[in-house]
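Undergrad: Pasting a structure below so you can have a look.
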Amino acid sequence: MARTLLLASGRALFGLDVKEVREVLKSPPLHYVPLAPAGLLGAINLHDVVVPVFDFIQLRGAKGETGEHIVVLQGACMALAVNAVHGLCHRTIVMPGGVMYPWVREVFLCARGLAGLIDPVALQQSLQRRLSPTGAVTTEQWSGWTSR
Amino acid sequence: MRVEITYKFVMGFIIVVASIVALNYLVPAAALVPHYLEQTLSTACALLVGLMLGWIFSKAFTANILVLKSAAERISDGDLSQTVYLPNNLLPDETAELADSLNRVTTNLRELVGYIRTSSSRVAEEAQGLSTMSQEVTASAHEVTGAVEQISRGAETQAAMVEQASEHFRQMAMSGDQVAEAARAAARAAGETVQTAERGGQVVTLAMSKLGQVLDGVEQHGQQMLSFSARVQKIGKVADFITALSQKTNLLALNASIEAARAGEHGRGFTVVAEEICKLADSSERAMAEITEMIVVLQEESASVQKALKENVLGMSSGRSAVHRTGKTFEEIVTTAKIAGDRAEAISTLSLQQVGEVGKLADTVDEIARVVSENAAASEESSAASEQQSAAMERMALSAQDLYALAEELQERVSRFHIGLKRTN
């Protein structure tokens, strides 16, 4: 059975497949980026690699405090600031997602309740669609970020 | 030559008789009428001559008497101004002497009337002055009587007031006795207060010593509590460090679990280890959380105890200062009580002296009251004497008025006498 990293953003629970998680950090030194778009908190130095950190609660369009746990994604080369990381769990009673958020692939039940399984690729695409029209992040920039 | 009236009558008779006889001889000798008529004519002539001579002699004889009569009538009418002059004084007789006597009487009466008039006038004036004076004296006597009565009433009032003053002085003397007794009682009470205050001061000194020991103990406990709080703070920091270490361990275990899960079947054993480490980190984190909670409670209690100790120390300090002030207050009470006792003794002595002086004053006031009473009696006697004098003066005024009336009457009576001088009044 697939292992899932359970994390919390505000009062909502989300999950990430373990294979798509590179590392979990807590309150690393965050470097702010000038003229950064809304939602981009800054960047961290992860083993000599610059990783952009997004505020997950702002990406959801919700209101709340920015989390201090940083979840670095494996393939997308990005990190999400979440409020809490509850550890690994097993997904049971899995249902298809994408109703509220297009980047939620499945909805599953865990010991803490219902959680949405995040699709990093879809989340990346959603971020690209949201940030590109503003001119804040171009496709080349995004590709450059994600290709590193 | 003085001829008495008798002789004059005799001589007149002789002349008349001689004339009649001579006519009896002359008429026949004259042969004027017939013979038979000679006797008638001679008789008629004799009658006529007799009548004529008789009338002449009578007139001559009675003229002075008529003058004297009119003079007597004038004198009787009060006219003393004229002197009697006899018209026929060729041969003075008794009428001339009577005229001289009337003139002397007139002169004497004139002098007497003048004297009486002058004297009565003076008597009237004097009587009037005496009446006026007696009236003034009567008025003055009335005023004196009123003043004396007022003095008498004032003396009576003064006597009553002096009696009251004497009573007040005696009451004051009694009050002075009571004040002296109260002052002596106050002095005794002040002495007892001094003793009590001295005992209280000793007790306060002992209490201060004990309280100082207690305060020293409390301060020592406060210092120990501060040290304990500091150590608890350090324990809290260590617990925080251990908690952070557990969280990092937990995170590290989580990352290890993630790595093991990504490793698949090859990392299964490592996954188990990572999960155990994660559980151990969770257990240690929960335990540290409990420890931290206990430390927090301990810190809070320590802070409250420290705060209470500080408050107690402050309270004890203020209590120490209060006890110190109480000791000072007791000392001041002792001093004040001594002073109050001394002053009470002085008040007692002065009150006794005052009582003596007030007694003397009361005696003096009694003497004054006696003198005032005598003065009041004397004033009453003076008032009575003044009233008697006033009555006497009124009687004298009445007598003076009577005298004046008498003098006026005398003048009125005398005024009917004319002495040839103008009356002055």
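The listed protein sequences derive, respectively, from chains X and B. Its first residue numbered 1, the first sequence is counted upward by one per residue in our numbering. Its first residue numbered 1001, the second sequence is counted upward by one per residue in our numbering. C-beta atoms are modelled at their ideal positions from N, C-alpha and C, and glycine is treated no differently. From a predicted model like this one, the values you see are computed outputs, not experimental measurements.
Nearest by alpha-carbon distance to Q1306 of chain B: which of B:A1239, B:V1218, B:V1148, B:E1094 is it?
TA: The candidate whose alpha carbon is nearest that of Q1306 of chain B is B:V1218.
Undergrad: Three or more beta-carbon pairs under 8 Å between the region 1077 to 1096 of chain B and the region 1038 to 1057 of chain B, yes or no?
TA: Judged by Cβ distances under 8 Å, the region 1077 to 1096 of chain B makes no contact with the region 1038 to 1057 of chain B, as fewer than three pairs qualify.
Undergrad: Whole angstroms is fine: what's the gap from L1252 of chain B's alpha carbon to L1309 of chain B's?
TA: Going by the C-alpha atoms only, they are around 45 Å apart.
Undergrad: At what residues does the alpha helix (DSSP H) containing H1324 of chain B begin and finish?
TA: Where H1324 of chain B is concerned, the enclosing alpha helix (DSSP H) stretches over 1268 to 1415.
Undergrad: Would you call the region 1339 to 1350 of chain B and the region 1173 to 1190 of chain B in contact, with 3 or more CB pairs under 8 Å?
TA: Taking 8 Å as the limit for Cβ pairs, the verdict is that the region 1173 to 1190 of chain B does touch the region 1339 to 1350 of chain B.
Undergrad: Less than 9 Å between CB atoms is the rule here; does R112 of chain X satisfy it with respect to chain B?
TA: Not one chain B Cβ lies under 9 Å of R112 of chain X.
Undergrad: Is the CB-CB distance between A1400 of chain B and Q1128 of chain B below 9 Å?
TA: Against a cut-off of 9 Å, the Cβ pair of Q1128 of chain B and A1400 of chain B comes out as a contact.
Undergrad: T1157 of chain B: buried (16+ other C-beta within 10 angstroms of its C-beta) or exposed?
TA: Result: exposed.
Undergrad: Which whole-angstrom value describes the C-beta separation of L25 of chain X and V72 of chain X, a residue pair presumed to lie in contact below a C-beta threshold of 8 Å?
TA: Right, the Cβ-Cβ distance comes to about 7 Å (below 8 Å), so this counts as a contact.
Undergrad: What does V23 of chain X reach in chain B if we use C-beta pairs closer than 7 Å?
TA: Correcting the residue type first, residue 23 of chain X is Glu in the shown sequence and not Val. Simply N1255.
Undergrad: Examine the Cβ distances between the region 1257 to 1272 of chain B and the region 3 to 23 of chain X and report whether three or more of them are shorter than 8 Å.
TA: Yes, since at least three Cβ pairs between the region 1257 to 1272 of chain B and the region 3 to 23 of chain X fall closer than 8 Å, the two stretches touch.
Undergrad: Quick check on G1212 of chain B: does DSSP put it in helix, strand or coil?
TA: Helix at G1212 of chain B.
Undergrad: With a threshold of 8 Å (Cβ to nearest heavy atom), would E1259 of chain B be considered close to the ligand GDP?
TA: Judged by which ligands are present, the structure shown has none, so any question about the ligand GDP falls away.
Undergrad: For L1251 of chain B, go through chain X and note every residue whose CB falls closer than 7 Å to its CB, in chain order.
TA: Chain X residues near L1251 of chain B: V24, K26.
Undergrad: With a CB to CB cut of under 7 Å and the five nearest residues on each side skipped, what residues in its chain are close to E1380 of chain B?
TA: Here the set comprises S1152.
Undergrad: What residue from B:R1320, B:E1149, B:A1407 has the CA that sits closest to G1212 of chain B's CA?
TA: The shortest C-alpha separation from G1212 of chain B is found at B:R1320.
Undergrad: Quick one: which residues of the region 51 to 72 of chain X get their C-beta closer than 7 Å to a C-beta of chain B? List them in chain order.
TA: So nothing in the stretch comes that close.
Undergrad: Looking at the unbroken alpha helix (DSSP H) that takes in K1008 of chain B, where does it start and where does it end?
TA: It spans 1005 to 1030 - the alpha helix (DSSP H) in which K1008 of chain B sits, taken as one unbroken run.
Undergrad: For a quick check, are the C-beta atoms of I57 of chain X and E68 of chain X less than 9 Å apart?
TA: No; because the gap between Cβ atoms is not below 9 Å, this pair is not in contact.
Undergrad: Just to make sure I have the definition right: I need the residues of chain B whose C-beta is within less than 7 Å of the C-beta of S5 of chain X. Which are they?
TA: What sits at residue 5 of chain X in the sequence shown is Leu, not Ser. In chain order: I1258.
Undergrad: Going by DSSP in three states, M1172 of chain B sits in which element: helix, strand or coil?
TA: In the structure shown, M1172 of chain B sits in a helix (DSSP, three-state: H, G or I).
Undergrad: Quickly, what does DSSP pair R3 of chain X with across the bridge? List them, please.
TA: DSSP output for R3 of chain X lists X:H90 as bridge partner(s).
Undergrad: Under 9 Å between the Cβ atoms of V121 of chain X and F14 of chain X?
TA: Result no, Cβ atoms of V121 of chain X and F14 of chain X do not sit closer than 9 Å.
Undergrad: What does G87 of chain X touch in chain B if you count any residue whose Cβ is under 7 Å from its own?
TA: What G87 of chain X touches in chain B: L1254, C1278.
Undergrad: So, using beta-carbon positions, are D1240 of chain B and T1292 of chain B closer together than 9 Å?
TA: The answer is yes: Cβ separation under 9 Å.
Undergrad: Across which residues does DSSP place N45 of chain X in a beta bridge pair?
TA: In the DSSP output, where bridge partners are listed per residue, N45 of chain X has X:V50.
Undergrad: Measuring CB to CB, does V1105 of chain B end up less than 9 Å from I1056 of chain B?
TA: No; because the gap between Cβ atoms is not below 9 Å, this pair is not in contact.
Undergrad: I want to see whether chain B comes within less than 9 Å of V82 of chain X, judged by CB atoms only; does it?
TA: So, not an interface residue.
Undergrad: Whether or not the region 42 to 56 of chain X and the region 86 to 96 of chain X are in contact is what I'm after, with contact meaning three or more pairs of Cβ atoms, one per stretch, closer than 8 Å; do they touch?
TA: Counting Cβ pairs under 8 Å, fewer than three are found: no touch.
Undergrad: Between V33 of chain X and chain C, is any beta-carbon pair separated by less than 9 Å?
TA: Among the protein chains in the structure shown, which are X and B, there is no chain C.
Undergrad: Anything in chain X within Cβ reach of A1281 of chain B, meaning under 8 Å, just list it in chain order.
TA: The premise fails here: A1281 of chain B is roughly 10 Å from chain X at the closest Cβ pair, so nothing lies under 8 Å.
Undergrad: Taking the alpha helix (DSSP H) that F1074 of chain B belongs to, which residues open and close that run?
TA: Looking at the sequence shown, residue 1074 of chain B is not Phe but Arg. Taken as a continuous stretch (DSSP letters only), the alpha helix (DSSP H) holding R1074 of chain B covers 1035 to 1076.
Undergrad: Leaving out five residues on either side along the sequence, give the residues of the same chain with a beta carbon under 6 Å from the beta carbon of A1165 of chain B.
TA: Result list for A1165 of chain B: V1365, in chain order.
Undergrad: With DSSP run on the structure shown, which of helix, strand or coil describes K26 of chain X?
TA: Residue state, collapsed to three classes: strand.
Undergrad: Could you tell me whether the Cβ of V49 of chain X comes closer than 9 Å to any Cβ of chain B?
TA: Answer no: the Cβ-Cβ gap between V49 of chain X and chain B never drops below 9 Å.
Undergrad: Identify the continuous alpha helix (DSSP H) that holds V33 of chain X and give its terminal residues.
TA: No alpha helix (DSSP H) contains V33 of chain X, which DSSP labels as neither H nor E.
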